[in-house]
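Here my numbering is used: the first residue of the sequence shown is 953, the next is one more, and so on.
Don't be surprised by glycine CBs; every beta carbon is placed ideally from N, CA and C.
What follows is a single structure, written as structure tokens, with notes after it.
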Amino acid sequence: MAFPFPQLPFWLLLAAGALWSLLFLQVHTVWTSAPQYNYGWAVPLLAVYLFWTRWETRPAPSASPSPKLCLGVAGALLLTLLPVSIIHEANRDWRLLNWTFALAVAGLTWLAIAWAGGRAWLRHFAFPSTFPLLAVPWPTVIEDPLVLSLMHVVSFVAVEGLNLCHVPAIQRGNVIEIGPGLVGVNEACSGIQSFQSALMVSLFLGELFQFTRARRCGLLGGAVLWAFLCNLARAFFLAWISHREGLRALDRWHDHTGLALMLACYGGIIALALALNRVQGRAPPTPTPASAPAPPPAAPAPSPPPTSRPPAPSHAPSSSASSRGSPSCNSPPKPGTAATKPGSPRSPRGPSRGRSNFRSSKPRNSPTPSAACCSTRGCCERVGRELRNHWPIYRFPYFHYFVWSKRLRTGASANPHGSAGFIHIWLPIKTHILGVGDADALFP
């Protein structure tokens, strides 16, 4: 069987394993006696698995620190372990000594990783080498206030829930007084066990799925909140069943609700982690050649300046009446004739610039539009393509129906600076300036 870590010296792994084994030997009694630390038996195995998964994706080793610095720091940490081990033999319940020993072992592990692979390996293996610290019991200064706060909060929420269900209940510290008697909320029922278990499971899943920092924080917060809600539901149910069936039912339902709480808590955290992993693994769609936006067309050549010569005659003959009724889109006025001014009797609404007005004033037997009109139509189609590519709202087929209905509902007296004002301004621009009367003609 091949050695799983060929680039690490065997004696280095043996020394790290021996130090962590001594630490676990010191705290394993707490794992057995305290229910909130029963998960500690699984932490060493999970830490080894995380280190192995990280080993498969390790980066190239970088420059290692100087040997003198490594030896000096290692000697200082080893000298710290000696008095701590001696004092711990007489004070096994002193958790501060456990944390001192644990931090010294973690420091030696980090030093060994930095000596083997430099700063790159230290950054890469930082989490797996820190994860075993979750199995160390918390200091009493931190754990006791947290447990007391959770006991009071759980009792308060359970009493309020019972009162909402028309069950008379009174809170007396961490004790709930109901008709049949008193229901106490002790340390095991405070939620500290589910809180610490949710903390460990969420950190493990965040490292297993290689979440980003934001997703790890979201998973951690969601796991802690879900564990707290599950514990509230359990405390409320036990108090309610004690009121309905008496205090003897509390002993019958206590262990079953604890098992259901554990399964629901772990199942919810795993489901949340899988949902975050699915969202993270969903890559943005890459544009295919068929759906990729077309490159912008080349700019049209500038039209020559108008000269004094008369315009060239059109290929199709046109009478004076038809030319008066359907002028070409961009043709200059004929020499000797004045352009029609807006507001004149001939055109009370101004010159016709939109395709809808052009169709309304065009005779049946009018000639085919000139090349200038076709170029204007192509320009409008290019403008529509650019709007559809850069403004995704115009891709929806029912947008223009919404625009027209919005305009009919708001009327012309709407605020010109609001959404109705934008609609009131955009529709005339789309119809008379872009030369499109139908929405599907510009946005097919």
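Query	Result
C-beta atoms of L1049 and I1038 nearer than 7 angstroms	no
For V1153, three-class secondary structure by DSSP	helix
Start and end residues, alpha helix (DSSP H) containing I1039	P1019 to A1042
Buried versus exposed call for P1013 [16 or more other C-beta atoms within 10 Å across all chains shown]	exposed
Neighbourhood of G1113 by C-beta distance below 6 angstroms, restricted to the same chain and skipping five residues each side	F1188
P1017 to P1011 span [Cα, whole Å]	17 angstroms
Cβ shell of G1133 (< 6 angstroms), same chain only, five flanking positions each side left out	L1199
Any alpha helix (DSSP H) of 4 or more consecutive residues that is wholly inside the segment 1059 to 1107	1078 to 1082
Distance, L1151 Cα to L1172 Cα	7 angstroms
L966 versus I1193 - alpha carbon distance	54 angstroms
Reference L1181; option with closest CA among A1201, R1204 and M1214	M1214
Residue environment, R1316, which counts as buried when at least 16 other CB atoms sit within 10 Å	Low confidence applies to R1316: its pLDDT is 48, below 50, so where it sits in the model is not reliable enough to give any reading.
Enclosing alpha helix (DSSP H) for G1170 [first to last residue]	R1165 to E1197
Three-state secondary structure (DSSP) of I1128	strand
Option nearest A1064 by Cα separation, candidates G969, C1217 and L1184	G969
Closest residue to Y991 among L1226, L1190 and Q1148 (Cα-Cα distance)	Q1148
Residues that DSSP places opposite Q1148 in a beta bridge	In DSSP, Q1148 forms no bridge with anything.
Cβ-Cβ distance between N1183 and S1146 below 7 angstroms	yes
8 angstroms contact criterion, which T1449 and R1047 should meet: CB distance rounded	The chain is shown from 953 up to 1396; residue 1449 falls before or after that span and cannot be answered.
Reference I929; option with closest CA among P1120, A1179, R1196 and F1083	This structure cannot speak to residue 929, because the chain is shown only from 953 to 1396.
G969 (DSSP reduced to helix, strand or coil)	helix
Rounded straight-line distance, which links the Cα of G1059 to that of L1021	13 angstroms
Alpha-carbon spacing of F1079 relative to E1159, whole angstroms	8 angstroms
Proximity below 7 angstroms, CB of F1161 to CB of L998	no
Endpoints, the beta strand (DSSP E) within which V1135 is located	L1134 to G1136
Minimum C-alpha distance to H1206 - residue among G1136, L1023, T1082 and E1095	G1136
Selected residue, minimal CA-CA separation from W963, among H1195, R1204, H1118 and T1061	T1061
Residue range of the unbroken alpha helix (DSSP H) whose run includes L989	The displayed chain sequence assigns Tyr, not Leu, to residue 989. From DSSP, Y989 is part of no alpha helix (DSSP H); its letter is neither H nor E.
Nearest candidate by alpha-carbon position, reference W1090, set F1003, A1066 and W1051	W1051
Exposure of C1169, with buried meaning 16 or more beta-carbon neighbours within 10 Å	exposed
Length of the line joining the Cα atoms of N1126 and E1139	10 angstroms
Per-residue DSSP class, three states only, for S1371	Because S1371 carries a pLDDT of 42, less than 50, the predicted location of this residue cannot be relied on, and the following value inherits that uncertainty. S1371: helix per DSSP, three-state reduction.
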